[in-house]
Structures are given as structure tokens and as C-alpha cells.
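Colleague:
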Amino acid sequence: MAHDPAHTEHAAADGHAGGEDQHHPGWSTYWKVAVILTVITIWEVWAYYIPSLVASRIFVPMLLILSGLKFVIVVMFYMHLKYDHKLFRALFTGPLLIAALTGIALLFLFGQLVARFGPG
Amino acid sequence: MSAPAAHHYTTTGLDSRKIAIWAFIGSECMLFISLISTYLIYKGRSIVGPFPHEEWTSPDGRHFEPILDILVTSASTFVLLMSSLAMVLALSAVQNKNLPKRTRGERILGSSKLWLWMTALLGATFLGFQAYEFTSFVHEGLTLSTNLFGSSFFTLTGFHGAHVTAGVIWLVSLLAIDYRRGLGPADALNVDIAALYWHFVDVVWIVIFTVVYLIQ
Amino acid sequence: MATTAVPTSISSDSMPSDPYSGIWGWITTVDHKRIGILYLYTALSFFIIGGLEAVVIRAQLQGPNGQLVSAEMYNQLFTMHGTTMVFLAIMPLSAAFFNFLIPLQIGARDVAFPRLNAFSYWVYLFGGIFITVPIFFQLAPDGGWFGYTPLTTRAYSPGINIDFWVIGLQILGVSSLAAAFNFITTIINLRAPGMTLMRMPMFTWMSFVVQFLVILAFPVITVALVFLLFDRFFGTQFYAVAAGADPLLWQHLFWIFGHPEVYILILPAFGLVSEVLPTFSRKPLFGYPVMVYSGILIGVLGFGVWAHHMFAVGMGAIADSIFAVSTMLIAIPTGVKIFNWIGTMWQGQLRFTSAMKFAIGLVALFTIGGISGVMHSSPPADLQQTDTYFIVAHFHYVLFGGSIMGIFAGIYYYFPKMTGRMMSERLGNVHFWLNFIAMNLTFFPMHFSGMLGMPRRIYTYDSGQGWDTFNLISSIGAYMLVLATAIFLYNFFMSRKRGEVAGSNPWGAGTLEWTIPSPVPEYNFAVLPTITSRYPLWEGTEEAAESARINSQEGKTSEELGIVLPYSTVKPMIVALAMVIMFCGLITTMALTFLGAAIMVLALYSWLLSPLEPEHH
Numbered sequence: 001m002a003h004d005p006a007h008t009e010h011a012a013a014d015g016h017a018g019g020e021d022q023h024h025p026g027w028s029t030y031w032k033v034a035v036i037l038t039v040i041t042i043w044e045v046w047a048y049y050i051p052s053l054v055a056s057r058i059f060v061p062m063l064l065i066l067s068g069l070k071f072v073i074v075v076m077f078y079m080h081l082k083y084d085h086k087l088f089r090a091l092f093t094g095p096l097l098i099a100a101l102t103g104i105a106l107l108f109l110f111g112q113l114v115a116r117f118g119p120g
Numbered sequence: 001m002s003a004p005a006a007h008h009y010t011t012t013g014l015d016s017r018k019i020a021i022w023a024f025i026g027s028e029c030m031l032f033i034s035l036i037s038t039y040l041i042y043k044g045r046s047i048v049g050p051f052p053h054e055e056w057t058s059p060d061g062r063h064f065e066p067i068l069d070i071l072v073t074s075a076s077t078f079v080l081l082m083s084s085l086a087m088v089l090a091l092s093a094v095q096n097k098n099l100p101k102r103t104r105g106e107r108i109l110g111s112s113k114l115w116l117w118m119t120a121l122l123g124a125t126f127l128g129f130q131a132y133e134f135t136s137f138v139h140e141g142l143t144l145s146t147n148l149f150g151s152s153f154f155t156l157t158g159f160h161g162a163h164v165t166a167g168v169i170w171l172v173s174l175l176a177i178d179y180r181r182g183l184g185p186a187d188a189l190n191v192d193i194a195a196l197y198w199h200f201v202d203v204v205w206i207v208i209f210t211v212v213y214l215i216q
Numbered sequence: 001m002a003t004t005a006v007p008t009s010i011s012s013d014s015m016p017s018d019p020y021s022g023i024w025g026w027i028t029t030v031d032h033k034r035i036g037i038l039y040l041y042t043a044l045s046f047f048i049i050g051g052l053e054a055v056v057i058r059a060q061l062q063g064p065n066g067q068l069v070s071a072e073m074y075n076q077l078f079t080m081h082g083t084t085m086v087f088l089a090i091m092p093l094s095a096a097f098f099n100f101l102i103p104l105q106i107g108a109r110d111v112a113f114p115r116l117n118a119f120s121y122w123v124y125l126f127g128g129i130f131i132t133v134p135i136f137f138q139l140a141p142d143g144g145w146f147g148y149t150p151l152t153t154r155a156y157s158p159g160i161n162i163d164f165w166v167i168g169l170q171i172l173g174v175s176s177l178a179a180a181f182n183f184i185t186t187i188i189n190l191r192a193p194g195m196t197l198m199r200m201p202m203f204t205w206m207s208f209v210v211q212f213l214v215i216l217a218f219p220v221i222t223v224a225l226v227f228l229l230f231d232r233f234f235g236t237q238f239y240a241v242a243a244g245a246d247p248l249l250w251q252h253l254f255w256i257f258g259h260p261e262v263y264i265l266i267l268p269a270f271g272l273v274s275e276v277l278p279t280f281s282r283k284p285l286f287g288y289p290v291m292v293y294s295g296i297l298i299g300v301l302g303f304g305v306w307a308h309h310m311f312a313v314g315m316g317a318i319a320d321s322i323f324a325v326s327t328m329l330i331a332i333p334t335g336v337k338i339f340n341w342i343g344t345m346w347q348g349q350l351r352f353t354s355a356m357k358f359a360i361g362l363v364a365l366f367t368i369g370g371i372s373g374v375m376h377s378s379p380p381a382d383l384q385q386t387d388t389y390f391i392v393a394h395f396h397y398v399l400f401g402g403s404i405m406g407i408f409a410g411i412y413y414y415f416p417k418m419t420g421r422m423m424s425e426r427l428g429n430v431h432f433w434l435n436f437i438a439m440n441l442t443f444f445p446m447h448f449s450g451m452l453g454m455p456r457r458i459y460t461y462d463s464g465q466g467w468d469t470f471n472l473i474s475s476i477g478a479y480m481l482v483l484a485t486a487i488f489l490y491n492f493f494m495s496r497k498r499g500e501v502a503g504s505n506p507w508g509a510g511t512l513e514w515t516i517p518s519p520v521p522e523y524n525f526a527v528l529p530t531i532t533s534r535y536p537l538w539e540g541t542e543e544a545a546e547s548a549r550i551n552s553q554e555g556k557t558s559e560e561l562g563i564v565l566p567y568s569t570v571k572p573m574i575v576a577l578a579m580v581i582m583f584c585g586l587i588t589t590m591a592l593t594f595l596g597a598a599i600m601v602l603a604l605y606s607w608l609l610s611p612l613e614p615e616h617h
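Here the protein sequences line up with chains F, U and G, keeping their order.
The first sequence lines up with residues 1 to 120 when you count with our numbering.
The second sequence lines up with residues 1 to 216 when you count with our numbering.
The third sequence lines up with residues 1 to 617 when you count with our numbering.
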């Protein structure tokens with residue numbers, strides 16, 4: 001009697017390590033990521049204790065970029081997004097974008113972010 | 001989670017649970033951005049101290065130092081980052097359970113129990129740091145109700161801590177299964193889902209550490 | 001032929017081949033069709049309750065200086081009317097269709113997570129009871145359905161009323177979120193072979209967009225409610241102006257949720273209309289790709305318009321302008337849909353069944369609501385309109401004339417598929433016309449009383465302001481709506497027993513759900529269908545027709561077909577109940593919170609460790 005004809009061709013990815021990956025990063029990639037994360041964190045904390053740097057206009061953008069980098073490498077490598085099916089990338093970046101835009105809008109609306117147009 | 005899913009037709013060839021966890025993570029982005037935005041909205045607007053980065057003298061003459069301790073929190077941040085490394089190794093160990101291990105190093109890398117323990121312990125250590133921080137803040141005069149900073153800080157980091165706690169419980173549950181019947185490639189997806197959750201919680205902390213602790 | 005193995009589960013879950021019957025069968029079901037029917041009945045019940053609340057409101061406002069209810073009771077009535085209609089009626093009515101219909105439209109046997117699905121329903125039921133019971137003790141929430149602070153803070157609302165609201169909404173949020181993850185996964189991953197995204201029926205497409213709106217919007221209101229809960233219970237300062245808090249924080253967070261919420265309320269109805277109109281025009285939907293893209297655009301843009309609810313708070317010219325523009329922009333994809341529906345009907349062979357009338361009703365009445373909506377999008381104009389009955393008119397046109405009409409269309413249309421019988425077209429006709437006339441009688445005058453300055457949420461008004469006649473007409477319309485709804489309910493329940501027997505495709509429709517028998521067998525599809533077009537019954541290959549033929553055979557059981565179905569189980573219900581008890585403890589005694597939490601964790605472990613279905617090969 002009828003068994004689903006597509007049943008066997010489209011078996012879900014179990015019994016097969018991360019079936020949909022094209023590539024498995026190895027221990028060395030994981031280790032390198034850990035080192036980069038540590039280095040960046042040390043850099044950030046080091047910068048925190050340099051008063052002239054903290055007072056400068058570059059401090060906040062630098063921190064945002066550095067933490068953004070940490071964010072991205074954890075997501076790409078530890079969470080495997082670089083190697084996985086594109087669907088997961090879409091499922092994550094859509095909401096992330098909406099979250100980021102909403103957060104930025106709120107900061108503008110409450111005056112914590114100000115855009116200056118023109119001189120001054 | 002229960003025994004590995006039986007074979008079922010899927011449109012994408014991907015496991016439904018993995019799709020669901022990524023959707024969940026997307027949703028959590030909105031949760032945490034609301035908490036973080038509120039923290040930032042109220043930054044610098046507390047009428048009374050203690051404050052995160054500045055000292056303050058109360059009207060009745062008590063003096064308060066800036067209450068955040070960057071060095072201690074850097075240590076806890078490092079601990080949490082390393083827990084992600086441990087998690088990734090735990091997943092790898094589960095996936096490669098049946099591969100032969102020739103060297104001692106390979107055997108160590110290949111022990112799922114070891115790395116699940118490491119992740120859980122590092123996570124618990126992070127929670128320990130948080131508990132220490134919370135209690136010392138309360139001791140120093142900052143509570144949920146003291147000012148806007150107290151309310152938004154404890155709520156934001158408290159929610160994060162609750163997520164870490166749930167993660168630790170999840171990991172311990174996986175360990176229990178590992179001890180009972182062993183975790184092998186058939187369980188890789190279950191461990192992968194726990195790992196994705198764990199890394200996400202770590203990633204949220206990266207944002208919190210920068211935005212709350214480092215930026216003044 | 002597969003054998004059904006002896007269950008090796010650690011629980012006493014039943015074998016699907018002998019599902020529990022009677023009430024226990026309904027309590028333990030994980031079948032999406034049954035869960036959909038549970039949602040339908042529960043939501044209709046709450047619709048009646050919300051409607052009765054409205055009737056009392058209208059009776060109070062029928063004439064000037066009404067004495068029917070006190071001001072405080074009036075506050076509870078309009079708060080609960082709004083809260084009930086939004087969260088306990090319209091959303092769950094949509095959920096009834098998500099549940100019943102989506103797997104059938106995509107060729108799946110069930111949703112991705114059947115037990116989670118059952119859990120969502122039970123949380124809704126218990127949460128709905130939690131938030132509704134207080135009104136019978138005159139303790140209902142009374143801060144408006146959007147609960148603005150500082151009114152809803154402990155300082156201005158010291159009683160337990162708002163606590164019910166805050167906690168109740170948190171509970172209901174869990175239900176919606178769980179369901180959303182379920183449906184997102186289902187739609188992505190359980191479509192039958194050949195059903196590409198651009199071949200999916202429109203209802204499923206619109207539902208897909210809605211689930212994303214849910215998962216992105218609900219966390220924000222969760223946080224807003226957490227802040228309010230913490231303020232009320234733990235003395236935090238999130239909304240405490242004296243501590244420097246911004247009174248607008250609540251408003252922004254609420255409306256970042258609230259605006260996507262209204263698209264959550266309307267898009268499923270749009271989807272239903274997009275199913276009904278083609279069938280009764282005997283033409284495929286006009287401009288299908290554009291309908292899909294406009295739905296997606298509405299969803300995405302919906303996150304960028306929220307502050308149009310706040311034009312009167314003083315955000316400044318720049319913020320006002322940006323939100324005005326985004327709001328006007330969102331009218332475009334919405335308008336496109338209206339034109340495409342008209343295009344669908346144009347030169348079609350129209351059949352005016354009840355479902356068709358309600359669908360056309362939505363097109364007409366939603367347009368009226370959309371016009372008043374566009375009028376609000378201009379901040380200077382909105383300064384006059386906001387907080388008046390002009391707004392009340394707008395949103396009732398889009399929610400009643402829109403969502404409810406669409407849902408009625410869906411009920412008449414899918415009743416045969418659910419029950420195997422047809423609803424009475426004669427009574428449906430009466431229902432439609434009575435409803436249409438009454439709805440306009442009730443809400444059209446509100447445009448005028450609003451323009452003449454009648455504010456929202458006043459429990460009474462003096463004569464001589466030009467509002468009296470309009471209010472009288474509105475109240476008469478409301479009483480007529482009671483009659484119309486009663487006729488509908490009579491039709492619904494009578495037809496279940498005595499309606500004309502329906503075949504698998506009584507309407508001659510084209511989509512996949514009409515290839516299978518009515519009512520639908522437990523397993524939905526005997527074989528997974530192969531899809532080659534958007535309307536498998538109207539066009540498609542021989543292979544597709546063959547699977548449709550196999551699937552339309554009646555009288556087969558799942559055992560005969562070798563199909564394994566999930567176990568029925570009470571665990572989702574237990575976890576739901578325990579969770580609600582846990583929340584109840586917050587306003588009664590902490591002991592309940594611990595008890596609820598403990599039961600919840602134990603039941604959850606039991607659920608997660610037991611298999612979904614019997615082992616099979």
C-alpha cells in the first residue's frame with residue numbers, strides 16, 4: 001500500500017553529522033576564532049583604561065566595530081551560518097535587520113542619537 | 001529531547017527543529033533589542049545614583065563610586081566566550097563519536113562529556129560572576145528600584161542571566177542523556193540546537209558588555 | 001504494508017489507531033484539524049462575550065447622560081471589549097484557519113510540531129479564561145486595551161485589575177509565539193513536492209507573513225509588559241516619571257508591537273478573501289505574484305509606521321513627517337490588493353454565495369476603513385481626529401468590515417470541508433445583509449460624531465453637542481448586529497447536524513484542500529500529492545491529477561494506508577495549565593508559582609522525552 005514516494009529520497013538529516021553542510025570547520029578554525037575573540041576583548045578593555053582614547057570621538061565607533069566583529073565571527077563560525085543552508089542566513093538576518101533598525105529608530109526618537117544636518 | 005526524529009518528508013531536506021530554533025533566535029533579537037534600547041534610552045537620565053561610570057554624592061552626603069567593575073566583568077566575558085569554544089567542541093565530539101581516535105589529543109577533543117561539562121561549568125561560572133556582581137551592587141546601594149539605571153541594568157542582565165541558566169539546565173540534561181545511553185551522530189541535531197541557543201546567548205552578551213560596560 | 005509497532009514510550013499515550021473518544025479525545029488531540037476546530041469554537045465564544053460587552057457600551061451611549069453603568073464599569077467594558085476582540089476573538093479565529101487549513105493547503109499531514117500546536121491552544125484557552133473571569137467580579141482591566149502608562153502604573157491603578165491585564169497578555173503571548181514558530185517551520189519545511197513558494201495558496205502566504213510579524217512584534221510587547229509588571233510588583237522605575245522615566249517609553253514599545261499587530265489581524269482575512277473570490281469568479285487570482293509581494297511589503301513596512309499612533313504626543317516635526325510618509329506609503333500595497341481583487345472578479349462568472357458576499361463585503365468596507373486610515377496619516381489632520389470617534393469608526397471598518405467579514409467568508413467557505421455539510425445559503429444571505437446594514441449603521445455615524453469632537457472612552461455625554469442622533473443610530477445598529485450574529489450561530493450549529501451533505505469540492509474550487517474528502521480524514525492525504533500549478537484542480541499535469549484522484553477516495557483508515565500518526569497526549573495541556581497556574585501565583589500566592597513551575601518542568605521533561613509517534617520503518 002502507499003508509502004510516501006518521496007519518503008526515502010528526502011530523508012531528514014539525521015544520522016548524518018549536520019547533513020546540509022558543505023564543509024566542516026575543524027578544531028583549528030574553532031581555536032583561531034577563540035583566539036581572535038580573546039584578543040579583541042583584551043583590546044577593548046585595554047582601550048577602556050586609556051582616558052584620552054575614551055574621550056576621543058573614535059572610541060565608540062571603534063568599540064562598535066570590534067564587538068560587531070566578535071558578533072559576526074561567532075555567528076558565522078560557531079553558529080555555522082557560513083557553512084549552512086542559505087535559509088538559515090535569511091531567517092537570522094531579516095529579524096536582525098528589523099531589530100537593529102528599530103533600536104536605532106528608538107534612539108533617535110528619545111534623543112540619544114542626534115543627526116546634525118548642515119554646519120555646526 | 002526525545003530520540004532522533006524518524007525519517008519524514010521535508011521540502012528542504014533540513015530538520016524542522018533547526019529551522020524552528022533559528023526562527024526563535026530571530027525572535028530573541030527583538031526581545032533583547034527592546035531591553036538594550038531601553039537601557040540606552042535611560043542612559044544618563046537617572047536622577048539619583050549610584051551611576052555606572054561616574055561617582056555620585058547623595059544629598060545626605062554618602063559617596064558612591066562608579067559601580068561597574070570592568071575588570072571583573074571582562075573576566076566573566078572571557079569565561080562566556082570560552083564556553084562557546086567548549087560548546088563547539090562538544091558538538092564536534094558528538095558528530096565524530098564513531099570516528100577512530102588515535103592520539104591522546106584526539107581522544108580528549110572527542111569526549112562529548114568533557115566538553116559538555118566544560119560548557120556547563122563555564123556557563124555556571126559566568127552565572128557565579130553575575131551573582132557576585134548583583135549582590136555586591138545591592139550591597140553598595142543599587143537595587144532594581146533605586147533609579148532608572150538600576151531598573152534597566154538588572155532587568156537587562158537578569159533576563160540574559162535567566163537565558164544562560166536555561167542553557168545550563170539544557171546542557172546538564174544533555175549530559176544526563178550522554179551518561180545514560182551515550183550521545184552519538186544521531187543526536188547531533190539535538191546538540192546542535194542547544195549549541196545554537198548557547199552561542200546566541202553568548203553573542204547577546206557581547207553586545208551587552210560593549211553597550212553597558214564599555215561605552216560611557 | 002507497515003505495521004504499527006508496540007509503543008515504547010515511557011508514558012501512557014494512546015495509539016493513534018484507537019484515539020481517545022469523547023472529551024478526553026479533544027483534550028489529548030494533537031491533530032491540527034481538531035485543534036483548529038477547538039480554536040474556532042473558543043474564539044466564537046469570546047467573540048460573543050466581546051460583542052455583549054459592546055452591546056452594553058452602546059446601550060449606555062444610546063442617549064445622553066446614560067445611567068446604565070458606572071464610569072468605572074464602563075472603563076472595564078471598553079477595555080475588555082477591545083482586549084477580547086483583538087486577542088481572544090480575531091487572532092484565534094485566524095488561528096483556527098491557520099491550524100485547520102495550512103497543512104491541507106500545502107499537502108502536509110500535520111504541522112511541524114503537533115504537540116506544541118496543542119500547547120498553543122490550551123495556553124490560549126486558559127489565558128483567555130484568566131483575563132475574562134475578572135469582569136464577572138467587576139475587577140476587569142480598566143486601562144484601555146493599550147494600557148497607557150502612567151495610568152496603568154500602581155500609582156494610578158492600585159487595584160488588581162491591571163495585574164490581570166499584564167499577566168493575561170503575557171500568557172496569551174506565549175500561545176501566539178509558540179504557534180508562530182510552528183507555522184513558520186511547517187510552511188518552510190512541509191510543503192508537498194512541487195509546491196514552490198510561488199505556488200502556495202494565498203491564505204498560506206498571508207499566514208506565513210503573519211507568523212513573522214508575530215515572532216518579531218510580540219517580544220516587544222513582552223518587554224513592555226515586563227517593565228509594567230516589574231514597576232507594579234517590584235518597584236522598578238521604568239514608567240515612573242518622578243524618577244526621570246519617559247512617559248513615552250510605554251507608548252513606543254506598545255505600538256512597535258501594536259502596529260504589526262493590526263496587520264496580524266487583517267492579513268489572514270485578506271488571505272481568505274483571496275481564496276474565496278477566485279472560486280466564485282471561476283478565475284484564478286489576478287496578479288498572484290503582486291499579491292504575494294504586496295503582502296510581504298505590508299508586513300515589512302508595518303514595522304516602520306508605529307508612531308502614527310502618537311502624532312499628538314509632541315515627537316517633533318521630523319519624526320512626525322517620517323512616520324507620516326511611511327504610513328502613506330503602506331497604503332500603496334494595500335490598495336494594490338483591492339485592485340487585484342476587483343481584477344479577479346472582472347469578467348468572471350460570479351456566483352454570489354454567502355462566502356462570496358462576505359468576501360466582497362470586505363473589499364468594500366475595508367476600502368472605506370482604508371480611506372479614513374489614510375486621512376489619519378497626515379499629522380495635522382490627525383491632531384483633530386485622534387482620540388475621537390473618527391478613529392473608532394476607522395478601526396471598526398477595518399476590523400469588523402475587514403477581518404470579521406473575511407473570517408465569516410472563510411467560515412461559510414470552509415464549513416463543508418470541516419464538517420462535511422453545507423451551511424444554509426438562505427440563512428447566510430439573511431446574515432450577510434443584516435450584518436452589512438447593521439455594521440454600517442453602527443459605525444458610519446461615528447465618522448460624524450468623531451468629527452464633531454466626541455472623544456473616545458467617555459462613559460456619557462451631554463446633549464446639545466450634535467452627537468445624540470449619531471449615537472442613537474449606532475446603538476440601533478449594534479442591536480441589529482446581535483440579531484445578525486444570532487442568525488449566524490443558529491445556522492452554524494444547525495447545519496452541523498442537518499446541513500446538506502457536501503462532497504470533497506462543493507464549490508468547484510481549485511486548491512489542494514479540495515482534493516480530499518469532507519470531512520477530512522485523520523491522515524489528510526493518502527499519498528503526498530505532487531504539485532505542478534497554483535490551482536491543482538483547475539490545471540496541472542496528469543501525475544498531479546492522479547494523486548488528487550487517490551487522495552479523494554473516502555473511507556480508508558490510516559492503518560490500511562500504512563500511515564503512522566502521532567500519539568494523542570495530555571502533556572501539552574498539562575504544561576499549559578501548569579504555566580498558567582504559575583502566572584496566577586503572581587497575583588495570589590507565591591506557593592502557586594512554585595507549584596505551577598514544578599509541574600510545568602516535570603510535564604515538560606516528560607513531553608520532550610517521549611516520542612511523537614510510534615516507531616515505524
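Backbone N, C-alpha and C fix where the C-beta goes; we use that ideal spot for every residue, glycine too.
Taking only the alpha-carbon atoms, compute the straight-line gap between G/Phe-366 and G/Val-273 and give it to the nearest angstrom.
Modeller: 12 Å
Colleague: Mind checking which residues open and close the alpha helix (DSSP H) that includes U/Ala-120?
Modeller: Here the alpha helix (DSSP H) through U/Ala-120 covers 112-139.
Colleague: Could you confirm whether any beta carbon from chain U is found closer than 9 Å to the beta carbon of G/Asp-246?
Modeller: yes
Colleague: Keeping to the same chain, check which residues put their C-beta closer than 7 Å to that of U/Glu-28; ignore five residues upstream and five downstream.
Modeller: Excluding positions up to five away in sequence, the list reads Phe-200.
Colleague: By the 8 Å beta-carbon criterion, what residues does the stretch 252-263 of chain G contribute toward chain F?
Modeller: From the stretch 252-263 of chain G, only His-252, Ile-256 have a Cβ closer than 8 Å to chain F.
Colleague: Taking the alpha-carbon positions, what's the U/Val-204 to F/Val-35 distance?
Modeller: 19 Å
Colleague: Using a Cβ-Cβ cut-off of less than 9 Å, list which residues of the stretch 26-48 of chain U approach chain G; keep chain order.
Modeller: Cβ contacts with chain G: Gly-26, Ser-27, Glu-28, Cys-29, Met-30, Leu-31, Phe-32, Ile-33, Ser-34, Leu-35, Ser-37, Thr-38, Ile-41, Tyr-42, Arg-45, Ser-46, Ile-47, Val-48.
Colleague: Do you know offhand how far G/Tyr-461's Cα is from G/Ile-371's?
Modeller: 28 Å
Colleague: What is the residue span of the alpha helix (DSSP H) that G/Asn-429 lies within?
Modeller: 425-451
Colleague: Taking a contact to mean a Cβ-Cβ separation below 9 Å, would you say G/Ala-307 touches G/His-396 in this structure?
Modeller: no
Colleague: Counting only the same chain and skipping the five closest in sequence on each side, list residues whose C-beta sits under 7 Å from that of U/Gly-110.
Modeller: Ala-93, Asn-96, Lys-101
Colleague: Does the CB of F/Phe-108 have a neighbour CB from chain G at under 9 Å?
Modeller: Yes, F/Phe-108 lies at the interface with chain G (some Cβ there is under 9 Å from its Cβ).
Colleague: Any C-beta of chain G sitting closer than 9 Å to the C-beta of F/Gln-22?
Modeller: Caution applies to F/Gln-22, whose pLDDT of 49 falls short of 50 and renders its modelled position unreliable; the model cannot decide the point.
Colleague: Could you please tell me which residues of the stretch 78-99 of chain F, in chain order, have their CB closer than 9 Å to any CB of chain G?
Modeller: Within the stretch 78-99 of chain F, the qualifying residues are Leu-87, Leu-91, Gly-94, Pro-95, Ile-98, Ala-99.
Colleague: Under 9 Å, Cβ to Cβ, is there at least one residue of chain U near G/Phe-525?
Modeller: no
Colleague: In whole angstroms, give me the CA-to-CA distance for F/Lys-70 and G/Ala-317.
Modeller: 38 Å
Colleague: Checking 9 Å against the spacing of the C-beta atoms, do G/Pro-506 and G/Met-422 come in under that value?
Modeller: yes
Colleague: For F/Val-75, go through chain U and note every residue whose CB falls closer than 7 Å to its CB, in chain order.
Modeller: Val-203
Colleague: Looking at U/Ala-162 and the ligand NAP, is the gap between the Cβ and the nearest heavy atom below 8 Å?
Modeller: Because no ligand of any kind appears in the structure shown, any question about the ligand NAP cannot be addressed here.
Colleague: Since U/Phe-24 meets chain G, which of its residues come closer than 7 Å, beta carbon to beta carbon?
Modeller: Phe-181
Colleague: Give the residues from the stretch 307-322 of chain G that approach chain F closer than 8 Å (Cβ to any Cβ), ordered along the chain.
Modeller: Ala-307, Met-315, Ala-319
Colleague: Which first and last residues belong to the alpha helix (DSSP H) in which F/Met-62 is found?
Modeller: 59-73
Colleague: Sorted by chain position, which residues of the same chain lie with C-beta nearer than 6 Å to G/Cys-584's C-beta, five sequence neighbours on each side aside?
Modeller: Leu-592
Colleague: According to DSSP, what are the bridge partners of G/Arg-421?
Modeller: G/Val-501
Colleague: Compute the beta-carbon to beta-carbon distance between U/Arg-17 and U/Ile-215, rounded to the nearest angstrom, for a pair I have assumed lies under 8 Å.
Modeller: Their Cβ separation, rounded to whole angstroms, is 37 Å, which puts U/Arg-17 and U/Ile-215 out of contact at 8 Å.
Colleague: Alpha carbon to alpha carbon, what distance is there between G/Gly-107 and G/Ala-526?
Modeller: Whole-angstrom Cα-Cα distance: 10 Å.
Colleague: For the alpha helix (DSSP H) that contains U/His-160, what are its first and last residues?
Modeller: Membership of U/His-160 in the alpha helix (DSSP H) is indicated by the continuous run 148-181.
Colleague: What does the alpha-carbon distance come out to for the pair G/Ala-54 and G/Met-85?
Modeller: 10 Å
Colleague: Can you give me the start and stop residues for the alpha helix (DSSP H) that G/Gly-343 sits inside?
Modeller: 317-345
Colleague: Hey, could you find the ends of the alpha helix (DSSP H) G/Met-206 is sitting in?
Modeller: 202-234
Colleague: Just by C-beta distance, which residues in the stretch 135-147 of chain U are closer than 7 Å to chain G?
Modeller: Leu-144, Ser-145, Asn-147
Colleague: Using the rule of at least 16 other Cβ atoms within 10 Å of the residue's Cβ for burial, across every protein chain shown, is F/Gln-22 buried or exposed?
Modeller: Legend: pLDDT at F/Gln-22 = 49, less than 50; position of this residue unreliable, no value from coordinates given.
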